[in-house]
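In terms of numbering that gives the first Met the number 0, the sequence shown opens at residue 0 and continues consecutively. Heads up, the beta-carbon is just placed ideally off N, CA and C, and yes, glycines get one too. Each remark here refers to the structure printed beneath this line.
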Amino acid sequence: MNDWYRLCIILLVFAVQHLLSTRDKPYWGLILPFLYLVTLTFLHTLGMVEWSMAKLILFVMIGELFLFGYWISGRKALYNRRVNELKQ
């Protein structure tokens, strides 16, 4: 897969994660981190990726940190938007 396609997919996932994180229900933002973990575990179990266990754990940790970071920033953006609406 071309590197530009990978970059576009990653940016699209982060945009969707931010969008889901700014919804009223906080659980919407937890969908993508869960799917990411399940997908990487599934791909590794089936042997579709040739990663060592250490590399898999590293990819899972880094990806989850980014996705949860976007979830937290989305929740803060929603909170700030609500506070600004109440002030007006």
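- In the structure shown, the three-state DSSP call for Asp2 is helix.
- Trp3 sits exposed, since fewer than 16 C-beta atoms from the chains shown fall within 10 Å of its C-beta.
- Pro32 counts as buried, since at least 16 other C-beta atoms from the protein chains shown sit within 10 angstroms of its C-beta.
- Between the C-alpha atoms of Thr40 and Tyr78 there is a straight-line separation of about 33 Å.
- Taking a 10 Å sphere around the C-beta of Tyr26, we find fewer than 16 other C-beta atoms and assign the residue as exposed.
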